[in-house]
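S.K.: Sharing a structure here in structure tokens format.
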Amino acid sequence: MIVTRFAPSPTGYLHIGGLRTALFSYLWAKKNGGKFFLRIEDTDKARNSVEAAEAIVKAFEWLGLSYDGEVIYQSSRDEIYAKYIKQLLDEGKAYYCYMSKEELAELRETQIAAKERTMYNGKYRDFNGTPPEGVTPAIRIKAPQSGIITVKDKVKGDVVFNALDILDDFVIARADGSPTYNFVVAVDDALMGVNEVIRGDDHLSNTPKQIVVYEALGFKIPNFYHVPMIHNHDGKKLSKRDGATDVMEYKEMGYTPEALLNFLVRLGWSYGDQEIFSMEEMKELFNPKDINKSASIYNTQKLDWLNSHYIKNMPNTELAELLTQYDLVLTSHDKKEILLDVIKERAKTLKELAELAKEILETPTVYDEKAFKKAFKEDSIEVLNTFGAKLTKADELHLPSDYHQIMEEVVNEMNIGFGKIGQPLRIALLGKLSGPGLDSVMAIIGKNETMLRIAQVIAVHS
RNA sequence: GGCCCCAUCGUCUAGCGGUCAGGAUCCAUGGUUUUCAUCCAUGUUACAGGAGUUCAAUUCUCCUUGGGGUCACCA
Numbered sequence: 055m056i057v058t059r060f061a062p063s064p065t066g067y068l069h070i071g072g073l074r075t076a077l078f079s080y081l082w083a084k085k086n087g088g089k090f091f092l093r094i095e096d097t098d099k100a101r102n103s104v105e106a107a108e109a110i111v112k113a114f115e116w117l118g119l120s121y122d123g124e125v126i127y128q129s130s131r132d133e134i135y136a137k138y139i140k141q142l143l144d145e146g147k148a149y150y151c152y153m154s155k156e157e158l159a160e161l162r163e164t165q166i167a168a169k170e171r172t173m174y175n176g177k178y179r180d181f182n183g184t185p186p187e188g189v190t191p192a193i194r195i196k197a198p199q200s201g202i203i204t205v206k207d208k209v210k211g212d213v214v215f216n217a218l219d220i221l222d223d224f225v226i227a228r229a230d231g232s233p234t235y236n237f238v239v240a241v242d243d244a245l246m247g248v249n250e251v252i253r254g255d256d257h258l259s260n261t262p263k264q265i266v267v268y269e270a271l272g273f274k275i276p277n278f279y280h281v282p283m284i285h286n287h288d289g290k291k292l293s294k295r296d297g298a299t300d301v302m303e304y305k306e307m308g309y310t311p312e313a314l315l316n317f318l319v320r321l322g323w324s325y326g327d328q329e330i331f332s333m334e335e336m337k338e339l340f341n342p343k344d345i346n347k348s349a350s351i352y353n354t355q356k357l358d359w360l361n362s363h364y365i366k367n368m369p370n371t372e373l374a375e376l377l378t379q380y381d382l383v384l385t386s387h388d389k390k391e392i393l394l395d396v397i398k399e400r401a402k403t404l405k406e407l408a409e410l411a412k413e414i415l416e417t418p419t420v421y422d423e424k425a426f427k428k429a430f431k432e433d434s435i436e437v438l439n440t441f442g443a444k445l446t447k448a449d450e451l452h453l454p455s456d457y458h459q460i461m462e463e464v465v466n467e468m469n470i471g472f473g474k475i476g477q478p479l480r481i482a483l484l485g486k487l488s489g490p491g492l493d494s495v496m497a498i499i500g501k502n503e504t505m506l507r508i509a510q511v512i513a514v515h516s
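First residue of the first sequence: 55, per this note's numbering; consecutive thereafter.
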């Protein structure tokens, strides 16, 4: 069985890059009928926050990504880690290190001065004497001092590291007893049965350390997939300064989960020429063997395109439901079908959609000055009055075609071009020269509101 | 700086020794639309450079260059 996980540290919101690796892990598990876990890596008490952990869970909810079982918090697993640390200690595979922080810093400096690699010097590796007073020890693992460690990465291929270049006896438990990342990540993945680790490229370099832990504990090493980073326009790691990197910001901006997920799945992964993937298709078609090796640049133009695609293809009832989150309540509006059909072709985001709806629904309070000058000529009043008179007489006006017919009558009777009525009417109805078809707008707002807007624009003009 | 990874249109990508180097997005132009948007059509733009291997390299190897990641009692 395929078991994957997403293991963020709760130091902030769910990041767009994190979401992508989470999605990959999720899809790979789901495709295979496996399990996908969410594990919060909160071993560093100083930096974590519960709010951040909650924010991550919330984001998962919004996106409809589910995980198996409960959220796992590493902070609640201390006894487990303690047990394995003790085991390593007993077996002589780990040891207490009494080096003080000052001493460590000093060591660093001399190494830097000598242009050597900065690393722990193994001072307490084989220590039998009396420990120094006043130092609470950290625990270090005995890492191989020679030979090679090969990370069998399924994205990058075999990556060979020389122990001499990268390894030292790294700390697995701090002086306060809390275990460190490279230790717990290996322990948890092994204990949870995670056999496919999909994560960011930035973890590749410390994978050898985790392999050291796996081997010391006799655990089976999982398959690794190190997914390339997502960069900003400058080719650097994506950060807060690059605009929206918080997943929930996309909700606020009016993006749908479908669009965001579809956008992200195509960043670093592809299935031939296909661009549109439903969740079902993603689950069916995703395969980490098709993950790219190179980093990609974060550019949301395609996200806009996808979002408008999903909006256009969304059933109106669902759309109306979603729009309540953007301050637009349409439930009681009798022409909401027409309204949504008209505006969903025109919006890139749900937020825009809500604004477009309001532009139609609300009586204009201002008229675009330039547009007014351009479109509202001397004869416009007469045209609008003629149109208004016909409206007054007509009943049974429901559909856009009903209104269109009356517009045509005016055009024919007065022997004018369509623009002669369209332009001023557009100013009257919307206050500007662009927007949806006027017949639809009138059908949506109804006869009375149409008359009112015509009267208003004439009043304003004189 | 040491170690590691990466390199096809502006961007996301297809390609897996022989292709007019394909698609999408963006941009531009034209058509549709009373307008705008949608939609449709058309177009511009790419194999970082240099050596090999081969009858043949975007594709395999090496070097150079460029970019990125990582080097903590952070994750």
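Quick reminder that beta carbons are idealized off the backbone N, C-alpha and C, glycines included.
A quick note: this is a predicted structure, and the numbers were derived from the prediction, not measured.
Identify which residue in His363, Leu360, Tyr325 and Tyr352 has its Cα closest to the Cα of Ile345.
M.R.: Checking every option, the nearest Cα to that of Ile345 belongs to Tyr325.
S.K.: Are the stretch 111-119 and the stretch 68-76 in contact at 8 Å, needing three or more beta carbon pairs?
M.R.: yes
S.K.: Ignore the nearest five residues each way along the sequence and tell me which others in Asp207's own chain have a CB closer than 6 Å to its CB.
M.R.: Val213, Phe278 and His280
S.K.: Look up Tyr67 in the DSSP assignment and say whether it is helix, strand or coil.
M.R.: coil
S.K.: Locate the beta strand (DSSP E) running through Glu409, then write down its first and last residues.
M.R.: From DSSP, Glu409 is part of no beta strand (DSSP E) but of the alpha helix (DSSP H) over Leu404 to Leu415.
S.K.: Smallest Cα separation from Phe430: which of Tyr178, Ala448 and Gly485?
M.R.: Gly485
S.K.: For Asp300, which beta-bridge partners are listed by DSSP?
M.R.: Asp300 is bridged to His69.
S.K.: Can you tell me the Cα-Cα spacing of Asn226 and Ile70, whole angstroms?
M.R.: As written in the sequence, residue 226 is Ile, which differs from the Asn given in the question. The straight-line gap from Cα to Cα measures roughly 30 Å.
S.K.: How is His452 classed by DSSP in three states: helix, strand or coil?
M.R.: coil
S.K.: Ignoring anything shorter than 3 residues, give me the beta strand (DSSP E) runs that lie fully in the stretch 162-220, in order along the chain.
M.R.: 192-195, 202-207 and 211-216
S.K.: First and last residue of the alpha helix (DSSP H) that includes Thr504?
M.R.: Leu492 to His515
S.K.: Do the stretch 247-259 and the stretch 155-162 make contact, defined as three or more Cβ pairs closer than 8 Å?
M.R.: At 8 Å Cβ cutoff, the stretches do not touch.
S.K.: According to DSSP, is Glu399 part of a helix, a strand, or is it coil?
M.R.: Glu399: coil per DSSP, three-state reduction.
S.K.: Closer than 8 Å by C-beta to Tyr421: which residues in its own chain qualify, once you throw out the five before and the five after it? Chain order, please.
M.R.: Ile481, Gly485, Lys486, Val511 and Val514
S.K.: Could you tell me which uninterrupted alpha helix (DSSP H) segments, each at least 4 residues in length, are contained entirely in the stretch 326-411, listed from first to last along the chain?
M.R.: 333-339, 355-366, 370-377 and 390-397
S.K.: Can you confirm whether the stretch 371-379 touches the stretch 333-350 when touching is taken to mean that 3 or more C-beta pairs between the two stretches lie within less than 8 Å?
M.R.: Output reads no: the stretch 371-379 does not touch the stretch 333-350.
S.K.: Using a threshold of 7 Å, state whether the C-beta atoms of Thr310 and Tyr364 are closer than that.
M.R.: yes
S.K.: DSSP state of Lys274, grouped into three classes?
M.R.: coil
S.K.: On a Cα-Cα basis, can you pick out the residue from Thr419, Thr504 and Glu409 that is closest to Gly445?
M.R.: Rather than Gly, the amino acid found at residue 445 in this sequence is Leu. Nearest option by C-alpha distance: Thr504.
S.K.: Quick check: what's the CA-CA separation for Thr204 versus Leu218?
M.R.: 13 Å
S.K.: Buried or exposed for Gln23, please, with buried defined as at least 16 other CB atoms from any protein chain shown within 10 angstroms of its CB.
M.R.: Any answer about residue 23 is impossible in this case: the structure gives the chain only from 55 up to 516.
S.K.: In the DSSP assignment, what residue or residues form a beta bridge with Phe91?
M.R.: Arg59
S.K.: In chain order, what residues of the same chain lie with their CB nearer than 7 Å to the CB of Tyr138, ignoring the 5 residues before and after it?
M.R.: Val241 and Leu271
S.K.: Between which two residues does the alpha helix (DSSP H) containing Tyr150 stretch?
M.R.: Looking at the DSSP string, Tyr150 is not in any alpha helix (DSSP H); the run it does join, the beta strand (DSSP E), is Ala148 to Cys151.
S.K.: Mark Asp144 as exposed unless 16 or more other C-beta atoms lie within 10 angstroms of its C-beta, in which case mark it buried.
M.R.: exposed
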